[in-house]
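Chemist: There's a structure below that I have some questions on.
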Amino acid sequence: MKRIHIGVINFRKYWSNIAIFAMILVVGLVAFVGSIGLPASSAVSGVYYNGDRSSKNISLMINVYWGTEYLDNMLATLKEKDVKTTFFVGGTWAVLNEEYLKKIQEDGHEIANHGYHHKDHDKISEQENFNEISNTHKIIKELIDVDMTLFAPPSGAYNKVTVEAAQNLGYKTIMWTRDTIDWRDHNTQLIYQRAIKNANGGDLILMHPTQNTMEALPQIIDWFQSNGYNLVPVSTNIGGLSD
Numbered sequence: 000m001k002r003i004h005i006g007v008i009n010f011r012k013y014w015s016n017i018a019i020f021a022m023i024l025v026v027g028l029v030a031f032v033g034s035i036g037l038p039a040s041s042a043v044s045g046v047y048y049n050g051d052r053s054s055k056n057i058s059l060m061i062n063v064y065w066g067t068e069y070l071d072n073m074l075a076t077l078k079e080k081d082v083k084t085t086f087f088v089g090g091t092w093a094v095l096n097e098e099y100l101k102k103i104q105e106d107g108h109e110i111a112n113h114g115y116h117h118k119d120h121d122k123i124s125e126q127e128n129f130n131e132i133s134n135t136h137k138i139i140k141e142l143i144d145v146d147m148t149l150f151a152p153p154s155g156a157y158n159k160v161t162v163e164a165a166q167n168l169g170y171k172t173i174m175w176t177r178d179t180i181d182w183r184d185h186n187t188q189l190i191y192q193r194a195i196k197n198a199n200g201g202d203l204i205l206m207h208p209t210q211n212t213m214e215a216l217p218q219i220i221d222w223f224q225s226n227g228y229n230l231v232p233v234s235t236n237i238g239g240l241s242d
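No gaps in the numbering here: position 93 of the sequence shown is 92 in numbering that gives the first Met the number 0, and each next residue is one more.
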């Protein structure tokens, strides 16, 4: 009986050592993969959650369907601090705010697609996905002669059909790294903290034209610039990534 007991102990010890060795091997492989520098891309099936992590670029992506009354001050701040960014505009907003659309363009900012009616794109058909993106593209083309290439799904709602519709129209689907949640939380300091927290090259920071974002914007820009980051349009930020 004693020999059997010892044999069982040795058997268990043997397999325990094997398991530990396997764990060490996995950790080593992960470290090796990280060391060989695989592409710093967040593009998964055509969806981007960040730009090039090896850069010092960060993008403030501003989604616009409402809040027009705060745009003048936000645009003035961006101009004063020499920052270019990306405005994702809704089709219905663009139709009603052509002058603001032109002003954004004249100030040198990138204009991108945010769908026509602010629908949840994961709940609509392939044809509706296509129409929402295509109709917005057409109206922006008519109003300011810009061919957009970036699409941000309203509310971040998308599925495979959405991404395929966007790709068929020559678009990349853009999500975000961090959301300031400025549409819900009307707190200037909280929006500022969410924008800068755990900052990393390649970050895409989602915001909207709200009063509190307008108030936080100068402080947000100053923090990034004083910490060596470049605030750039989204297309520049993701430019170094492969699909």
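Backbone N, C-alpha and C define an ideal beta-carbon position, used for all residues, glycine too.
(1) In terms of residues, what are the limits of the beta strand (DSSP E) holding residue 171?
(2) Look up residue 145 in the DSSP assignment and say whether it is helix, strand or coil.
(3) Compute the Euclidean distance between the alpha carbons of residue 91 and residue 236, then round it to the nearest angstrom.
(4) Give me the residue from 171, 150, 96, 208 with the minimum Cα distance to residue 66.
(5) So, helix, strand or coil for residue 133, using DSSP?
(6) Report the start-end ranges of each beta strand (DSSP E) in the stretch 155 to 197 that is 3 residues or longer and not cut off at the edges.
(7) Are there three or more Cβ pairs, one per stretch, closer than 8 Å when the stretch 197 to 214 is compared with the stretch 177 to 184?
(8) What does the alpha-carbon distance come out to for the pair residue 59 and residue 170?
(9) So, at 7 Å on beta carbons, what are the nonlocal neighbours of residue 73 in its own chain, with the 5 sequence-adjacent residues on each side left out?
(10) Give the DSSP-derived three-state secondary structure of residue 231 in the structure shown.
(11) Could you tell me which residues DSSP pairs with residue 60 in its beta bridges?
(12) From this set, 185, 196, 161, which residue's C-alpha is nearest residue 176's C-alpha?
(13) Can you tell me the Cβ-Cβ gap for residue 113 and residue 129, rounded? I've got them flagged as a contact below 8 Å.
Modeler: Judging by the given coordinates:
(1) Here the question's residue 171 lines up with position 172 in the sequence shown. That run of the beta strand (DSSP E) goes 171 to 173.
(2) To locate residue 145, count along the sequence shown from 1; it is residue 146. Residue 145 falls in the coil class under three-state DSSP.
(3) Translated into positions along the sequence shown, residue 91 becomes position 92. Translated into positions along the sequence shown, residue 236 becomes position 237. Spanning the two alpha carbons is a distance of roughly 27 Å.
(4) Residue mapping note: residue 66 aligns to position 67 of the sequence shown, counting from 1. Measuring from the Cα of residue 66, the nearest candidate turns out to be 208.
(5) Numbered from its first residue, the sequence shown carries residue 133 at position 134. DSSP places residue 133 in helix when its eight states are reduced to three.
(6) 171 to 173
(7) yes
(8) Locating residue 59 in the sequence shown gives position 60, counting from the first residue. Locating residue 170 in the sequence shown gives position 171, counting from the first residue. Those two C-alpha atoms are separated by around 19 Å.
(9) By one-based count along the sequence shown, residue 73 stands at place 74. If we look at residue 73 and ignore the five residues flanking it on each side, its Cβ neighbours are 208, 213, 216.
(10) One-based indexing of the sequence shown puts residue 231 at position 232. The answer is coil: DSSP assigns residue 231 none of H, G, I, E or B.
(11) Within the sequence shown, residue 60 is the residue found at index 61, counting from 1. Paired residues: 85, 205.
(12) As a position in the sequence shown, residue 176 is number 177, starting the count at 1. Ranking the options by Cα distance to residue 176, first place goes to 196.
(13) Along the sequence shown, one-based indexing puts residue 113 at 114. Along the sequence shown, one-based indexing puts residue 129 at 130. Not really, about 15 Å apart at Cβ, beyond 8 Å.
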